[in-house]
Amino acid sequence: MNVISRRRFLKISGVTAGVAAAGAGVLKGSQLLSSSDVMKSQGMQRIPTFCDICFWKCGAIATVKDGKLWKIEGNPEDPLSRGRLCPRGTGGIGAHFDPDRLRAPLIRRNDRGKEEWVEVTWDEALDFIAVKMQAIKKSYGPESIAFFSHGIGGNFFKHTLKAFGTPNISAPSFAQCRGPRDVGFRLTFGEDVSSPERTDISNAQCLVLMGSHLGENMHNTQVQEFAEGVGKGATIIVVDPRFSVAASKAKHYLPIKPGTDLALLLAWMNVIVKEELYDKEYVKRYGFGFEQFAASLAEYTPAWAYVETGIEPERIVETAREMARFKPSTLVHPGRHVTWYGDDTQRSRAIALLNALLGSWGRKGGFYTPASMDVPAYPYPDYPKPVRGKVDNPDHRYPFAHETITNGIREATITGKPYPVKGWFVYATNLLHALPNEEETIHAIQNLDLLVVIDVIPSEIAGWADVVLPESVYLERHDDLNVEWFREPFIGLRQPVVESPHDQKPNWWMAKRLAEKLGLGHFYPWKTIEEYFEQRLSAGGYSLETLKKQGIIRGAKQPIYFDEGVPAEFPTPSGKIEFFSLQLAQAGFDPVPRYTRPPAGPPGSFRLLYGRAPVHSFSRTQSNRILSDMMDENEVWINADIVRRYGLKDGEYIRLKNQDNVISNRIKVKATERIRPECVYMVHGFGHTAKGLKHPFMKGASDAQLLTRYSVDPLMGGTGMNVNFVTIEPEATHG
Amino acid sequence: MARFGMVIDTAKCVGCMDCVVACKTENNVPEGFNRDWITTEVHGTFPTVQMEIRSERCNQCATPPCVYSCPTGASHVHDVGGIVLVTKEECIGCKACIASCPYDARFIHPEGYADKCTFCIHRVEAGMDPACVAVCPTHCMHFGDLDDPNSPVSKLLASRKHHSLMPEAGTQPSIFYLT
Ligand code: SF4
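Protein sequences appear in the order of chains A and B.
To convert a position in the first sequence, counted from 1, into the numbering used here, add 449.
To convert a position in the second sequence, counted from 1, into the numbering used here, add 62.
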């Protein structure tokens, strides 16, 4: 079996470990029908595929009964789901039945944002797009088209747009989510935490969660391993201004003041270094610049941190010792959505450094080294070389951004600098909820000659599009192969389980068709998507037939820890773990993390925090009638004492007004003992305003609408979004 | 005689509602209704808070008031495992069972009959766990024969602290929560 470890892969192909762009073949309706046995089915059939309700890509088996989709369950062969999907995945069939779905291609017939459309044929829609693209190319160059994407389904459009000649390929998952974490870990260990995270939660004897709300945030394998840890009696330390579900499982719950996590991290490291509790051999062997780092910690005593964080010095010392006791099987979880305060890369770096002190990187119960199967990319022709570089990060003002900055593209679209951006393609990401400051996004959109949105539901961003392309949901389509980097290597296949109910098409079909209309047909040298799979799989020595039958092909288990023989290599400039970072110093940044107190809000206001519910993904599932039956609107969590003082009642509707006088939709008060009094919290993704989202329309409030301010991370351009403050407005005054 | 029951580990449960969703799809529970639900009990004052999260449903009581109150015999105790079931063809939708159930476990299905958890009898008879147990990503739910001292559920009850819901109602619930 061809299996390579991540390390070897990095050496072979540099650091661009992304999935190869994929192409697709044109499938006529009848071919699509015969491509999946289930289409002819009577009685019961079980078809393996993988989930798309979030990006975790769990292997699943769908059951079709008398031609109708009945249920979907985890594929026991799949290392991610381990036979059990999360609630969103289990409710995924609701995406197929969703009455609010987009049904046919649409072209705008009134002002942008008015959501008035003409239904057109696929040829009309794609011709319209191709003509506009060529006009943009002629006037401004191909680089003036940008792509915003989410998930594996974006691969085919990425391919078409790269073939067209643009380097501006982005995803909010970097600058609005995990980017600071990945940069912070790269600066320290030379490698990312990647996705799925290489965290060895199930073997951790001590697990530290900083604002990371596993159990509410349902990344399946992470939650399964977390529960395993709880069952095994792992020592859990939770740091959160909110008494999260995870906090209720913790031995130590530290109710931190929002925005002060870095102070706590520095104080923990102060204790561990001062009391010499760190893994000395590991640090000596692999560390660079430890002395300077250690000296920099002297001022960050637990007594100092108490003032910042509100956590008593004794508890800081106690938890630091607890972490050290279990080293190296202590995992300080790096989190995922970490764009909070604008100093997020440095905070993530502090998390990396704390793990380094505990010797957990590369060790059992810490961070393992993932492996992947060797499935070569399809041998495409070379992409044309863009004449101009990426538009998002002129002069590398964010020197450590290793992916494209979405908000950088937005800014360039507004200013026309360093060059104009005239076309946006948006795939499966609701940019108006994903990026902070809606007004800026709308301003940028007004400068476009073309906005194309490809999605399954009529999201808010779709409402602003010139052309909307309705996609088949994941249960009705193929997608690129999932060649996963994980604890054990495997390949996953997504294949259609049922037919699309209307005129929806798979993304690969659209992307290939568009390429042909742009004269780029030679970038799709094969006719059907199965031909594409066949080519890649056989080049790796695998069989498509097997994959279709099993859904998953697993590779042999690989060594994943240093102790098992994985070479301890750190692709940093020094080749070591960088406690002190010369590259940061050279770029004018703090070479070791330093703390600055986050600015307070206006008097009488509450800091607005947001997070996830286990039954919804972003703003993409609220019209799924199975999931909306689990949670139909969000609530604003307010400390019970505050609720009393304001004379409010639990369950009563209020509105929130932010520092820029933006007023939210009405939202129910959740009076609770589970949150600090100076902040409020809501689940992200509600308060929809798109007319086509009939079921979730105006249910609950949108945090995104209130995030008018954001604090940009100077290292990588990420948008810290926990910097907004709200006041409580009784609903009666807005009747 | 077997007596089917569930043992649910509240230490592991995260309240994600996967059990509720799986029940809904497995049993085609109509929109607007659910046969199981999550209860979160919070005690204390911030930041000294304790919380118990429970996956709840019909307790499949050994002394079932719903069966005793049913005028037609639609609500009955099944001969396999003592599961309480409703024969929908015999149900007249009078709601006497709903009024008598201390756990609020029943609802009137839009088609007019009383509906509730069946312990997924169709799965259990085929040798599978109920859908909620089989789906749980935290593995906090266990299903089995409470009358068999060697069953995993009996062993868990013998080795861990547990409680049931409203034992004072005298219903003898078959669902137990480990703490
Ligand atoms: S974590 Fe849940 S939603 Fe995400 S892929 Fe897995 S089952 Fe689907």
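Just so you know, even glycine gets a beta-carbon here, dropped at the ideal spot from N, CA and C.
With a threshold of 16 other CB atoms inside 10 Å of the CB of residue i, please say whether the residue is buried or exposed.
i, result
"Met190(B)", "exposed"
"Gly508(A)", "buried"
"Met493(A)", "exposed"
"Tyr735(A)", "buried"
"Lys489(A)", "Low per-residue confidence applies at Lys489(A): pLDDT is 46, beneath 50, and the placement is therefore not dependable, though the value from the model is reported in the following sentence. When all chains shown are included, Lys489(A) counts as exposed."
"Arg558(A)", "exposed"
"Thr539(A)", "buried"
"Tyr130(B)", "exposed"
"Leu482(A)", "For Leu482(A), the predicted model reports a pLDDT of 35, less than 50, meaning its position is unreliable; a value from the coordinates is still stated below. The residue in question, Leu482(A), is exposed, as its Cβ has fewer than 16 Cβ neighbours within 10 Å."
"Pro1051(A)", "exposed"
"Thr321(B)", "Chain B is shown only over 63 to 241; residue 321(B) falls outside these bounds and no answer can be derived."
"Met79(B)", "buried"
"Ser921(A)", "buried"
"Pro229(B)", "exposed"
"Ile115(B)", "buried"
"His225(B)", "exposed"
"Ala473(A)", "Here the model assigns Ala473(A) a pLDDT of 30, short of 50, so the residue's position is not dependable, and the following value carries that caveat. Flag for Ala473(A) reads buried."
"Arg846(A)", "exposed"
"Arg635(A)", "buried"
"Ile854(A)", "buried"
"Phe95(B)", "exposed"
Consider the Cβ of residue i: report whether some Cβ of chain B lies at a distance smaller than 8 Å.
i, result
"Arg774(A)", "no"
"Ala471(A)", "Annotation note: pLDDT 32 at Ala471(A) (below 50); position unreliable, coordinate value reported separately. Not an interface residue."
"Ser697(A)", "yes"
"Leu1155(A)", "no"
"Gln1007(A)", "no"
"Asn666(A)", "no"
"Thr539(A)", "yes"
"Gly680(A)", "yes"
"Phe692(A)", "yes"
"Glu1180(A)", "no"
"Asn669(A)", "yes"
"Tyr702(A)", "yes"
Please state whether the Cβ-Cβ distance between residue i and residue j is less than 8 Å.
i, j, result
"Leu529(A)", "Ile521(A)", "no"
"Ala960(A)", "Phe613(A)", "no"
"Ala193(B)", "Cys75(B)", "no"
"Lys813(A)", "Asp1012(A)", "yes"
"Ser1151(A)", "Ile906(A)", "no"
"Arg222(B)", "Leu208(B)", "no"
"Leu807(A)", "Ala773(A)", "yes"
"Ser809(A)", "Pro629(A)", "no"
"Gln199(B)", "Ala158(B)", "Checking the sequence, you will find Pro at residue 199(B) rather than Gln. No; because the gap between Cβ atoms is not below 8 Å, this pair is not in contact."
"Val932(A)", "Met1080(A)", "no"
"Gly811(A)", "Ala1017(A)", "yes"
"His668(A)", "Ile686(A)", "no"
"Asp928(A)", "Gly602(A)", "yes"
"Val917(A)", "Pro554(A)", "yes"
"Glu1122(A)", "Val104(B)", "yes"
"Ile237(B)", "Gly67(B)", "yes"
"Leu986(A)", "Val824(A)", "yes"
If we define contact as Cβ-Cβ less than 8 Å, is residue i a contact residue for chain A?
i, result
"Val69(B)", "no"
"Ala167(B)", "no"
"Asp142(B)", "Residue identity check: residue 142(B) is Val in the sequence provided, not Asp. For Val142(B), the answer is no, since every Cβ of chain A falls outside 8 Å of its Cβ."
"Thr134(B)", "no"
"Glu88(B)", "yes"
"Ala84(B)", "yes"
"Val139(B)", "no"
"His201(B)", "yes"
"Lys223(B)", "no"
"His207(B)", "As written in the sequence, residue 207(B) is Asp, which differs from the His given in the question. No, because no Cβ of chain A sits closer than 8 Å to the Cβ of Asp207(B)."
Confirm the yes/no value for this check: CB of residue i, any heavy atom of the ligand FAD, distance under 7 Å.
i, result
"Val632(A)", "For the structure depicted, the ligand FAD is absent and the ligand set comprises only the ligand SF4."
(message) Please output, in chain order, the residues near the ligand SF4 using a CB cut-off of less than 5 Å to any non-hydrogen atom of the ligand.
(response) Cys500(A), Ile502(A), Cys503(A), Trp505(A), Cys507(A), Leu534(A), Cys535(A), Arg537(A), Gly538(A) and Asn669(A)
(request) State whether the stretch 1170-1181 of chain A contacts the stretch 1047-1066 of chain A, with contact taken as three or more CB pairs (one from each stretch) at a distance under 8 Å. (result) yes
(request) Could you tell me whether the stretch 829-837 of chain A touches the stretch 1139-1155 of chain A, where touching means 3 or more Cβ pairs closer than 8 Å? (result) no
(message) Taking 8 Å as the cut-off, does the stretch 1081-1100 of chain A touch the stretch 893-912 of chain A (at least 3 CB pairs, one atom from each stretch)?
(response) no
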